[in-house]
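J.: Residue numbers (the working numbering): 678 to 978.
Glycine included, each C-beta is placed from N, C-alpha and C at the ideal position.
Encoded as structure tokens, here's the structure I'll be asking about.
The following block contains the structure:
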């Protein structure tokens, strides 16, 4: 298969050099390699992976994304990316439903027949890797953005869930032509220590979704329209409103600094994520705001 030098470079970058069997598919250009992203939310794909998908298109790939559709389908398709509606519940429920989700992923892979599949977030990595093994996907990239509440929680339920996840990952990630991308060393260290994945098949990146050309360091202090009214600097935490993101610690730090006479505006920016077990409720955010502890601006983008 002639994929072009840029496509070969992309394969080497992911450590995925190897034979890529030719397959027929009526809906895609069979002369080009196929890349499938599996992402839980379409907005997350747009904010964190769209630039990768566009680079893959330029490198000669046909690109498809399987994701839950909210309101970004047209934006994705405008770039020449095929969208397949696919919803993977974020909470783990009963075993029958979870097994059915893996079976649906397996059918999807057999239908799309990707040469490379790119999974994003832990549950998608777990289920997608098992499905990729069953469907015979030639190469897999797994992006673990965080280990989630199963690894940060305490108690026997979390320990039991952790054990199941580790066993599943150990089997699913044991593929010869795969790699795992982490966003912090502690997550990588934890899975390597549990012998889930070999360190030689892992890499750590600094972050995803933030274009450093748009967010550049500037000299301190910088005063904008948000601060000119009262002259106070803004201390901001942009994040989903999850306890594991440090929301509670941020509010406590704001309280401690105010007690010491520090004058600043402490601002939380981000959406509430009610599907996540570790979310901070909107009611709690409103209470903090009404008590003048922090400001909550909601999602901005």
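Label residue 973 either buried or exposed according to how many other C-beta atoms from any shown protein chain fall within 10 Å of its C-beta, with 16 as the threshold for buried.
T.: The residue labelled residue 973 in the question sits at position 296 within the chain shown. Its Cβ being crowded by 16 or more others within 10 Å, residue 973 is buried.
J.: What did DSSP end up calling residue 974 once you bin it into helix, strand or coil?
T.: Indexing the chain shown from 1 puts residue 974 at position 297. DSSP places residue 974 in coil when its eight states are reduced to three.
J.: Please state whether DSSP places residue 893 in a helix, a strand or coil.
T.: To locate residue 893, count along the chain shown from 1; it is residue 216. Here residue 893 sits in coil by DSSP.
J.: Which residue or residues does DSSP assign as beta-bridge partners of residue 913?
T.: Your numbering for residue 913 matches position 236 in the chain shown. 944, per the DSSP bridge assignment.
J.: Looking at the secondary structure, which residues open and close the alpha helix (DSSP H) in which residue 743 lies?
T.: Position 66 of the chain shown holds residue 743. First-last for residue 743: 739-745, but that is the beta strand (DSSP E), not the alpha helix (DSSP H).
J.: Should residue 892 be labelled buried (16 or more other beta-carbon atoms within 10 Å of its own) or exposed?
T.: Position 215 of the chain shown, counting from 1, holds the residue named residue 892. Per the 10 Å Cβ criterion, exposed.
J.: Enumerate in chain order the residues of its own chain whose CB-to-CB distance from residue 798 is below 6 Å, with the five nearest sequence positions on each side excluded.
T.: Counted from its first residue, the chain shown places residue 798 at position 121. Only 717, 822 meet the Cβ criterion.
J.: Please go through the same chain and pick out, in chain order, the residues whose beta-carbon is closer than 7 Å to the beta-carbon of residue 835, but skip the five residues on each side of it.
T.: Within the chain shown, the letter at position 158 stands for residue 835. Cβ neighbours of residue 835 beyond the five flanking positions: 827.
J.: State the CB to CB distance for the pair residue 748 and residue 800, rounded to an integer number of angstroms; the pair is presumed to be in contact (CB under 8 Å).
T.: In the chain shown, residue 748 corresponds to position 71, counting from 1. In the chain shown, residue 800 corresponds to position 123, counting from 1. Their Cβ separation, rounded to whole angstroms, is 22 Å, which puts residue 748 and residue 800 out of contact at 8 Å.
J.: How should residue 924 be labelled, buried or exposed, when 16 other C-beta atoms within 10 angstroms of its C-beta is the threshold for buried?
T.: One-based indexing of the chain shown puts residue 924 at position 247. Under this definition residue 924 is a buried residue.
J.: Quick check: what's the CA-CA separation for residue 703 versus residue 818?
T.: Residue numbering aside, residue 703 sits at position 26 when the chain shown is read from its first letter. Residue numbering aside, residue 818 sits at position 141 when the chain shown is read from its first letter. Unreliable positioning characterises residue 703 in this predicted model, as indicated by a pLDDT of 44, which lies under 50. The coordinate reading is nonetheless provided below. The alpha-carbon atoms of residue 703 and residue 818 are separated by roughly 25 Å.
J.: Which residues bound the beta strand (DSSP E) around residue 711?
T.: Taking the first residue of the chain shown as position 1, residue 711 is located at position 34. Counting along the chain, the beta strand (DSSP E) containing residue 711 begins and ends at 711-718.
J.: Here's a check: name, in chain order, each residue in its chain whose Cβ is nearer than 7 Å to the Cβ of residue 720, leaving out the five neighbours to either side.
T.: By 1-based counting over the chain shown, the position of residue 720 is 43. Correct list, in chain order: 747, 749.
J.: When the Cα atoms are used, what is the spatial distance from residue 722 to residue 786?
T.: The residue given as residue 722 occupies position 45 in the chain shown. The residue given as residue 786 occupies position 109 in the chain shown. Each residue's alpha carbon lies about 19 Å from the other.
J.: Please report the distance separating the alpha-carbon of residue 971 from that of residue 861.
T.: On the chain shown, residue 971 is found 294 positions in, with the first residue counted as 1. On the chain shown, residue 861 is found 184 positions in, with the first residue counted as 1. Distance between the alpha carbons of residue 971 and residue 861: 28 Å.
J.: By the 10 Å Cβ neighbour count, where 16 or more other Cβ atoms means buried, how is residue 938 classified, buried or exposed?
T.: Stepping through the chain shown from its first residue, residue 938 is reached at position 261. By the neighbour-count rule (16 or more Cβ atoms within 10 Å), residue 938 is not buried but exposed.
J.: For residue 779 and residue 913, what's the separation of their Cα atoms in angstroms?
T.: Indexing the chain shown from 1 puts residue 779 at position 102. Indexing the chain shown from 1 puts residue 913 at position 236. Rounded to the nearest angstrom, the two C-alpha atoms are 39 Å apart.
J.: If you count every other CB in all the chains shown that lies within 10 Å of the CB of residue 806, and 16 or more means buried, which is it?
T.: Here residue 806 is taken as the residue at index 129 of the chain shown, counted from 1. Looking at its Cβ environment, which holds 16 or more other Cβ atoms inside 10 Å, residue 806 is buried.
J.: Given this structure, state the Cα-to-Cα distance separating residue 724 from residue 848, to the nearest angstrom.
T.: One-based indexing of the chain shown puts residue 724 at position 47. One-based indexing of the chain shown puts residue 848 at position 171. Rounded to the nearest angstrom, the two C-alpha atoms are 30 Å apart.
J.: Just curious, the alpha helix (DSSP H) that residue 762 is in, first and last residue?
T.: Walking along the chain shown from the start, residue 762 turns up at place 85. Run containing residue 762: none in the alpha helix (DSSP H); it sits in the beta strand (DSSP E), 759-762.
J.: Throw me the rounded Cβ distance for the residue 910 and residue 946 pair, which I believe falls under 8 Å.
T.: Looking up residue 910 in the chain shown gives position 233. Looking up residue 946 in the chain shown gives position 269. Rounded, the Cβ-Cβ distance is 15 Å, inconsistent with contact.
J.: Tell me the rounded alpha-carbon separation between residue 802 and residue 832.
T.: Here the question's residue 802 lines up with position 125 in the chain shown. Here the question's residue 832 lines up with position 155 in the chain shown. Roughly 24 Å separates the two Cα atoms.
J.: Here's a check: name, in chain order, each residue in its chain whose Cβ is nearer than 6 Å to the Cβ of residue 859, leaving out the five neighbours to either side.
T.: What you label residue 859 is simply residue 182 of the chain shown in a count that begins at 1. Here the set comprises 821, 865, 881.
J.: Between which two residues does the alpha helix (DSSP H) harbouring residue 753 extend?
T.: In the chain shown, residue 753 corresponds to position 76, counting from 1. Unbroken alpha helix (DSSP H) run through residue 753: 750-754.
J.: Just to confirm before moving on: does the CB-CB distance between residue 737 and residue 781 stay below 7 Å?
T.: Residue mapping note: residue 737 aligns to position 60 of the chain shown, counting from 1. Residue mapping note: residue 781 aligns to position 104 of the chain shown, counting from 1. For residue 737 and residue 781, no; Cβs fall outside 7 Å.
J.: Based on DSSP bridge pairs, tell me the residues matched to residue 879.
T.: Here residue 879 corresponds to residue number 202 of the chain shown, with the count starting at 1. Beta-bridge pairing links residue 879 to 857.
J.: At what residues does the alpha helix (DSSP H) containing residue 789 begin and finish?
T.: Position 112 of the chain shown holds residue 789. First-last of the alpha helix (DSSP H) with residue 789: 772-789.
J.: How would you label residue 856, buried or exposed, when you count the other beta carbons within 10 angstroms and need 16 or more for buried?
T.: Along the chain shown, one-based indexing puts residue 856 at 179. Flag for residue 856 reads buried.
J.: Compare the C-alpha of residue 918 against each of 959, 934, 929 and name the closest.
T.: In the chain shown, counting from the first residue as 1, residue 918 sits at position 241. When each option's Cα is compared against that of residue 918, the closest is 959.
J.: Could you pull the DSSP bridge partners for residue 797 from this structure?
T.: The residue given as residue 797 occupies position 120 in the chain shown. In DSSP, residue 797 forms a bridge with 820.
J.: Could you check if residue 825 is buried or exposed, using at least 16 other CB atoms within 10 Å of its CB as the buried criterion?
T.: What you label residue 825 is simply residue 148 of the chain shown in a count that begins at 1. Buried, by the Cβ-count rule.
J.: For residue 711, does the count of other Cβ atoms within 10 angstroms reach 16, so buried, or fall short, so exposed?
T.: For the purposes of this step, residue 711 is identified with residue 34 of the chain shown, where counting begins at 1. Residue 711 should be labelled buried.
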